[in-house]
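Engineer: Residue numbers (the working numbering): 20 to 309. Cβ atoms here follow ideal geometry from the backbone N, Cα and C, with glycine treated the same way. Structure incoming, see below.
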């Protein structure tokens, strides 16, 4: 009915004393007495398996097919199915007959089986989650510990630089990125470098909300279009920025001595030729040029 694992298995008359009785001196063993014709048994078994798996080996689950193992049925006086019995230190210590909700089964097990502690979160994943929540200082603290153990960890260095960038330490962030020697995270590295570069440009510009208000009044405002694109690049909003720069280039190639064209090429270089947006907008730029 279910796939066996090292802690979920079939028990037979031949091995019951070893697989259940002897094992119960080391780990509690939950024994599920079932039969193929028993519909409640088929509903209960997956739930018991899920519970056993959640204990990560601290609880064993033995399945006894009552049609095939009549000697075990007689030995323990099983009269109805499903019947579930918990064995500990060689003896049955608790159990139930009939289908039960998961909460009731877990309540039965709680005094006898210790739930394993949750697996420790991967430090980088923890830092990434904190960063994504906007908790940059907390993410930075986790990354400092991680980098203290391995100061060549490329993905940790890149995320640490992004934390520094978020609090305006652009020079220090650039120094951290310059220390990344691995090519394994090229896209993330290019994105972080691009963000630093464009944040440096954006800090002296009007904020995005003001620029959007200007463009709402005059969609042809070239300066507001360009400056908003820089603000978007600073926040790694590449697609709307590239789209605006391309439209500005098509509309006014001579704007600020061809600055939209130069900026497009700069973004292409920073993101790298393998970035899908670079592929798309390089093709669009070529079409606009020729």
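Measure the C-alpha to C-alpha separation of residue 41 and residue 123 and round it to an integer number of angstroms.
Structural biologist: 26 Å
Engineer: With 7 Å set as the bound, which would you pick, yes or no: does the beta-carbon of residue 25 sit closer than that to a beta-carbon of chain D?
Structural biologist: The question asks about chain D, but that chain is absent: this structure has only one protein chain.
Engineer: Short of 6 Å in beta carbon distance, which residues of its chain neighbour residue 48, apart from the five on each side in sequence? Order them along the chain.
Structural biologist: 39, 42, 79, 81 and 106
Engineer: Which of the three DSSP states is assigned to residue 100 in this structure?
Structural biologist: Assigned with DSSP and collapsed to three states, residue 100 falls in coil, not helix or strand.
Engineer: Measuring alpha carbon to alpha carbon, tell me which residue in 257, 245, 31 and 255 is nearest residue 273.
Structural biologist: Considering only 257, 245, 31 and 255, the residue with the shortest C-alpha distance to residue 273 is 245.
Engineer: Of the residues 174, 140 and 108, which one's Cα is nearest the Cα of residue 46?
Structural biologist: 108
Engineer: Check each candidate in 257, 159 and 127 and name the one with the smallest Cα separation from residue 340.
Structural biologist: The structure shown does not extend to residue 340, since the chain is modelled only from 20 through 309, so no value can be given for it.
Engineer: What are the boundary residues of the beta strand (DSSP E) that includes residue 110?
Structural biologist: 110-116
Engineer: Which residue marks the beginning of the alpha helix (DSSP H) containing residue 8, and which one marks its end?
Structural biologist: Examination of residue 8 is not possible in this model, given that the chain is present from 20 through 309 alone.
Engineer: Can you tell me which of 67, 75, 51 and 136 puts its alpha carbon nearest to the alpha carbon of residue 18?
Structural biologist: With the chain covering only 20 through 309, there is no way to say anything about residue 18.
Engineer: Less than 6 Å between C-beta atoms, sequence neighbours within five positions excluded: which residues of the same chain meet that for residue 268?
Structural biologist: Same-chain partners within the cutoff: 279 and 280.
Engineer: Might you give, ordered along the chain, the residues of its own chain that have their beta carbon closer than 7 Å to the beta carbon of residue 303, omitting 5 neighbours on each side?
Structural biologist: Scanning its chain for C-beta atoms nearer than 7 Å, with the 5 sequence neighbours on each side dropped, one finds around residue 303 the residues 265, in chain order.
Engineer: When we look at the beta-carbon of residue 214 and count the other beta-carbons within 10 Å, is it buried (16 or more) or exposed?
Structural biologist: buried
Engineer: For the alpha helix (DSSP H) that contains residue 29, what are its first and last residues?
Structural biologist: Per DSSP, residue 29 belongs to no alpha helix (DSSP H); it is in the beta strand (DSSP E), 27-29.
Engineer: Keeping to the same chain, check which residues put their C-beta closer than 6 Å to that of residue 145; ignore five residues upstream and five downstream.
Structural biologist: Cβ within range, chain order: 161.
Engineer: Grab me the residues of residue 263's own chain with a C-beta within less than 7 Å of its C-beta, minus the 5 sequence neighbours each way, in chain order.
Structural biologist: Cβ contact annotation for residue 263 (same chain, cutoff 7 Å, sequence separation greater than five): 244, 247 and 248, in chain order.
Engineer: Rounded C-beta distance between residue 53 and residue 100? I'm assuming under 8 Å.
Structural biologist: Contact flag correct, Cβ pair sits at about 6 Å.
Engineer: Can you list, in chain order, the residues of its chain with a C-beta nearer than 7 Å to that of residue 91? Leave out the 5 residues immediately preceding and following it.
Structural biologist: Here the set comprises 32, 35 and 83.
Engineer: The alpha helix (DSSP H) spanning residue 86 covers which residue range?
Structural biologist: No alpha helix (DSSP H) contains residue 86, which DSSP labels as neither H nor E.
Engineer: Give every residue of the same chain whose Cβ lies closer than 7 Å to the Cβ of residue 198, excluding the five residues on either side of it in the sequence, and list them in chain order.
Structural biologist: 176
Engineer: Does the Cβ-Cβ distance between residue 19 and residue 255 come in under 7 Å?
Structural biologist: One cannot answer for residue 19 here, as it falls past the ends of the chain, which runs 20 to 309.
Engineer: Which residues in the same chain have their Cβ closer than 6 Å to the Cβ of residue 29, if we skip the five residues on either side of it in sequence?
Structural biologist: Excluding sequence positions up to five before and after residue 29, its CB lies within less than 6 Å of the CB of 82, all in the same chain and listed in chain order.
Engineer: Provide the residue span of the beta strand (DSSP E) that contains residue 16, from first to last.
Structural biologist: Residue 16 lies beyond the stretch modelled for the chain, which goes from 20 to 309, so this question has no answer here.
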